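Colleague:
Numbering (the working numbering), first residue to last: 3 to 167.
(1) Pick out whichever of 116, 68, 33 has its Cα sitting closest to the Cα of residue 47.
(2) In whole angstroms, what is the alpha-carbon distance linking residue 155 and residue 143?
(3) Using the Cβ count rule (16 or more neighbours within 10 Å means buried), how would you classify residue 101?
(4) Between which two residues does the beta strand (DSSP E) carrying residue 167 extend?
(5) Excluding sequence positions up to five away, which residues of its chain have a Cβ less than 6 Å from the Cβ of residue 150?
(6) Buried or exposed: residue 61, going by 16 or more other Cβ atoms within 10 Å of its Cβ?
(7) Would you call residue 160 buried or exposed, if buried means 16 or more other Cβ atoms sit within 10 Å of its Cβ?
(8) Assess contact between the stretch 97-113 and the stretch 27-39, defined as three or more Cβ pairs (one per stretch) separated by less than 8 Å. Is contact present?
(9) Check the DSSP bridge columns for residue 74 and list the partner residues they point to.
(10) Take the Cβ of residue 152 as the centre, count every other Cβ of all protein chains shown within 10 Å, and call the residue buried at 16 or more, exposed below.
(11) Contact check, residue 137 vs residue 87 under 8 Å by CB: the rounded distance?
(12) With a threshold of 16 other CB atoms inside 10 Å of the CB of residue 135, please say whether the residue is buried or exposed.
(13) Might you give, ordered along the chain, the residues of its own chain that have their beta carbon closer than 8 Å to the beta carbon of residue 114, omitting 5 neighbours on each side?
(14) With distances taken from CA atoms, which of 119, 76, 110 is nearest residue 166?
(15) Could you give the distance in angstroms between the alpha-carbon of residue 110 and the alpha-carbon of residue 42?
(16) Given this structure, state the Cα-to-Cα distance separating residue 80 from residue 33, to the nearest angstrom.
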């Protein structure tokens, strides 16, 4: 019985080890920025966010913002005219910008702010999750890429870049 349990645990550990190795080429770097707002009421805090929040579009300000930048490091090898993508390491730089209450608040306002901010954070983290999913999909799309009759790997790199974009 112990041997069977041990064998199952080893199999599960190996499975998780392989699953994490499959996405080992993608790295996520998260940076969080804040901007200060002040106010004694919920309305005053909303007005401060509307004035000081990150730019969203041409004239409007957002409450919070998620931005990202993607970079890929591609390594190819050529063998007998067939070029293959050996390694694709992606870096996803996520940038979150959130408001921070810099003034003293009443306990009631603090409680409301905490609840409001939890919703804002959850919303922005959804954007981050979508960006992570995009990176995983891109990695799946380019992994194992092979193109025949590509002596200098130009076609392979171009195809990988097309799939990345």
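Yeah, the Cβ is synthetic: ideal placement off N, Cα and C, and Gly gets one too. Note that this is a predicted model, so its numbers are computed, not measured.
Modeller: This is what the structure gives:
(1) When only C-alpha atoms are compared, the closest one is 116.
(2) Rounded to the nearest angstrom, the two C-alpha atoms are 18 Å apart.
(3) So residue 101 counts as buried.
(4) Careful: residue 167 lies outside any beta strand (DSSP E) and carries neither H nor E.
(5) Scanning its chain for C-beta atoms nearer than 6 Å, with the 5 sequence neighbours on each side dropped, one finds around residue 150 the residues 84, in chain order.
(6) With fewer than 16 other Cβ atoms within 10 Å, it is exposed.
(7) Answer is exposed; the Cβ neighbour count stays below 16.
(8) For the pair of segments examined, the stretch 97-113 was found to touch the stretch 27-39: the number of CB pairs separated by less than 8 Å reaches three.
(9) In the DSSP output, where bridge partners are listed per residue, residue 74 has 92.
(10) Looking at its Cβ environment, which holds 16 or more other Cβ atoms inside 10 Å, residue 152 is buried.
(11) With a Cβ gap of about 16 Å, residue 137 and residue 87 do not count as contacting.
(12) With fewer than 16 other Cβ atoms inside 10 Å of its own Cβ, residue 135 counts as exposed.
(13) Result list for residue 114: 44, in chain order.
(14) Nearest of 119, 76, 110 to residue 166, Cα basis: 76.
(15) The alpha-carbon atoms of residue 110 and residue 42 are separated by roughly 11 Å.
(16) Cα-Cα distance, rounded: 38 Å.
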